[in-house]
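S.K.: The structure under discussion is supplied below as C-alpha cells; questions concerning it will follow.
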Amino acid sequence: MDVVILFGRNVRALRERAGLSQEELAFRAGMKRSYVSDLERGTRNPTVRALGRLAAALEVPPARLLA
C-alpha cells in the first residue's frame with residue numbers, strides 16, 4: 001500500500017477513535033482543516049513537520065501514523 005494512503009487512513013482512524021473532528025485536530029496541530037482533509041484522503045504528501053504535529057495532537061508516537 002502507498003505510504004501516503006496508509007498515513008491518511010491512520011490519521012483518520014486515530015482522529016475518529018479520539019472523537020475529534022477534522023477542525024479540532026487541525027486546531028490542535030496548528031494547521032488548516034483542508035490540509036488535514038487532504039492528508040486523510042491521501043491527496044497530499046505529508047511533511048515531516050506535519051507528521052510530528054499530528055502525532056502530538058493525537059497523542060501517539062509519530063511511527064504509529066506510518067504503521
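Heads up: the sequence shown begins at 1 in my numbering, then just goes up one per residue.
We put the CB at the ideal spot given by N, CA and C, even for glycine.
How big is the Cα-Cα spacing for Thr43 and Ala18?
M.R.: Taking the first residue of the sequence shown as 1, we reach residue 43 at position 43. Taking the first residue of the sequence shown as 1, we reach residue 18 at position 18. Going by the C-alpha atoms only, they are around 23 Å apart.
S.K.: Since Pro62 and Gly52 are thought to touch, with beta carbons under 8 Å apart, how far apart are those beta carbons, to the nearest angstrom?
M.R.: Residue mapping note: residue 62 aligns to position 62 of the sequence shown, counting from 1. Residue mapping note: residue 52 aligns to position 52 of the sequence shown, counting from 1. Pro62 to Gly52, Cβ: 6 Å. Contact.
S.K.: Do Ala26 and Val36 count as a contact pair if the criterion is CB distance below 8 Å?
M.R.: The count along the sequence shown starts at 1 and reaches residue 36 at position 36. The count along the sequence shown starts at 1 and reaches residue 26 at position 26. Yes; because the gap between Cβ atoms is below 8 Å, this pair is in contact.
S.K.: Quick one: what's got a C-beta closer than 6 Å to Glu23's C-beta in the same chain, skipping five residues either side?
M.R.: Position 23 of the sequence shown, counted from the first residue, corresponds to residue 23. Closer than 6 Å at Cβ, skipping near neighbours: Arg33.
S.K.: Let me know if Glu40 comes out buried or exposed under the rule of 16 or more other beta-carbons within 10 Å of its beta-carbon.
M.R.: By one-based count along the sequence shown, residue 40 stands at place 40. The residue in question, Glu40, is buried, as its Cβ has 16 or more Cβ neighbours within 10 Å.
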